[in-house]
Amino acid sequence: MQQSQWTGQEPVSPYPRTGAHVEHTAPLRVLPSPLADAPPSNSGPTAVHPPSKNSAVAMDVDANVSVLKPHATSSTWQPSVKKNRNPGNLSLDLSQMEQPVFDPSTSSGSSSNPLGVCLRRIDQAAVCSRVTDFLYVGGAAAAKDRDALLQLGITHILNCAANVVTPDFYPQDFLYYNLRLRDHSSQDIARHFYNVFDFIEKARRRGGRIFVHCVKGISRSPTMAIAYLMWYKRIGMYKALDFIRQARPVVDPNAGFIFQLTEWEQLHREGRPLQLCEQRTVVFRIEVPRESSSSIGNGNGARAAEKPLIIGPLTAIGEDYFHNPSKEIAKLSFIVSCADYMFVWCGADVSDAQVEAAQNAATLLQLYESFPEKYEIVYHGQETSSFWQLVGALRPDEEN
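First residue of the sequence shown: 1396, per this note's numbering; consecutive thereafter.
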């Protein structure tokens, strides 16, 4: 019987995704580890590796690999290519995205044997990879290993695939933050960055340790860890990616995630906060996440307004946008800011939850982007002259 064959390459999509003043001043196998809060040294990663089962290969959306099945008329498997959008019109140097060879001494882990790479990736889902003293990345299998997590001193868990993985396995032992993200290049992850930074930073400042996971620990969770390292260490995307791969070689974010990280880097030149880089008025749209899209707590979750979605900076907004808002815009809130002062603008039909979300978003931007310490809340039809002076400087440069 003629067996199906690999083409020799994994399918990789070439397309990327496109009024009041308020002041807010199982046994374990441990591998070598990299330097915690410094650039990677010659030492390797630390990983906690419970026994794995290789009798079955379970595929998941986070694996970015495919298992081939025999075909009646063809012996060659052809990967399908999905087109994705690129909102930032960014170009990407894919030469730096080569996946590291897992084990040069054997063919089972080399790029010349895709099946070996596939099996290795699945096996890595059970590994909790140490990135820094306080930050770990892995897959769902590692998230189920309570004893291993406790032994590592994990206190907080960020689940980036709560739509397919049980949101919180051990709510009495760990504080969870759950995001329901798809491993697809059209998934907007940047809107979650500030909440992720806040979750990790609060844990770190209290002496906690954070485990960030998805299904296989290949795309979604490493992307969030990379974004955090870019902010925390003030480094570029490729440097952060390399830093993560020192600890976890299977890391391979999808193209859309890479472009969003690249866009973030371009907005933060030389690692500086956005407000110091953008000497102009910037606008963010604030949304209240659906209750089903994210949650935080020890199994009980929290009100959605506490984790606002921050979309922007927006480039297709001008003064007329606020003079004559549409019915949809009237239900939303925006943050309009320059280096010296900031406004929270609320449409005429905003809910109390929307206003609260906007206030929480302003606090996050103050903490992680050095936005002004004071802001003023204004409603449509009650804007001040200072607000109109600020939005008058907006110059829309593209269509939404």
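Quick reminder that beta carbons are idealized off the backbone N, C-alpha and C, glycines included.
Euclidean distance between Cα positions of residue i and residue j
| i | j | result |
| --- | --- | --- |
| Y1797 | W1783 | With the chain covering 1396 to 1795 only, the question about residue 1797 has no answer from this structure. |
| R1643 | R1600 | 24 Å |
| N1649 | R1577 | 11 Å |
| E1346 | L1544 | Nothing about residue 1346 can be reported from this structure: the residues present for the chain run from 1396 to 1795 only. |
| V1739 | S1781 | 13 Å |
| Q1681 | L1759 | The sequence shown places Ile at residue 1681, not Gln. Using only the alpha carbons, I get a separation of about 12 Å. |
| L1570 | F1564 | 11 Å |
| T1676 | G1787 | 9 Å |
| D1432 | T1710 | Here the model assigns D1432 a pLDDT of 44, short of 50, so the residue's position is not dependable, and the following value carries that caveat. One C-alpha to the other measures close to 35 Å. |
| I1549 | T1527 | 12 Å |
| G1602 | V1731 | 34 Å |
| H1718 | L1785 | 13 Å |
| Y1770 | I1724 | 21 Å |
| D1593 | Q1519 | 27 Å |
| E1596 | R1667 | 18 Å |
| A1752 | E1778 | 20 Å |
| K1539 | V1560 | 10 Å |
| C1733 | S1746 | 26 Å |
Selection from the options that minimises the alpha carbon distance to residue i
| i | options | result |
| --- | --- | --- |
| S1580 | L1656, F1652, L1704 and A1753 | F1652 |
| V1591 | R1601, Q1582, I1605 and L1709 | I1605 |
| D1744 | Q1754, L1727, A1757 and A1752 | L1727 |
| V1773 | Q1761, V1750 and V1526 | V1750 |
| I1705 | F1588, E1660 and H1775 | F1588 |
| V1678 | F1729, E1596, G1666 and A1557 | F1729 |
| Y1716 | R1667, A1598 and G1742 | G1742 |
| P1708 | N1755, E1764 and K1722 | E1764 |
| H1775 | M1737, L1762 and S1721 | S1721 |
Residues near residue i by beta carbon distance below 8 Å, same chain, minus five either side
| i | result |
| --- | --- |
| N1735 | The sequence shown places Asp at residue 1735, not Asn. Answer for D1735: P1767, listed in chain order. |
| Y1364 | The chain is shown only over 1396 to 1795; residue 1364 falls outside these bounds and no answer can be derived. |
| R1541 | F1564, Y1565 and D1568 |
| A1598 | F1529, T1550, H1551, L1570, R1604 and I1605 |
| L1703 | Note that residue 1703 corresponds to Pro in the displayed sequence, not to Leu. Closer than 8 Å at Cβ, skipping near neighbours: N1590, I1681, E1682, V1683, P1684, A1752, A1753, N1755, A1756 and L1759. |
8 Å Cβ cutoff met for residue i and residue j
| i | j | result |
| --- | --- | --- |
| V1607 | M1619 | yes |
| L1656 | A1622 | yes |
| P1562 | N1554 | yes |
| M1737 | A1756 | no |
Chain-order list of residues whose beta-carbon lies under 6 Å from that of residue i (same chain, five-residue window excluded)
| i | result |
| --- | --- |
| I1552 | F1569, Y1571 and F1606 |
| V1646 | P1617, I1639 and R1640 |
Same chain, Cβ closer than 7 Å to residue i, neighbours up to 5 away in sequence not counted
| i | result |
| --- | --- |
| E1660 | M1625, G1631 and M1632 |
| A1557 | N1573, L1574 and R1575 |
| R1615 | D1457, C1555, A1556, L1576, D1578 and C1609 |
Quiz item: Does the stretch 1624 to 1644 come close enough to the stretch 1568 to 1587 to have 3 or more Cβ pairs within less than 8 Å?
Solution: Segments in contact, no.
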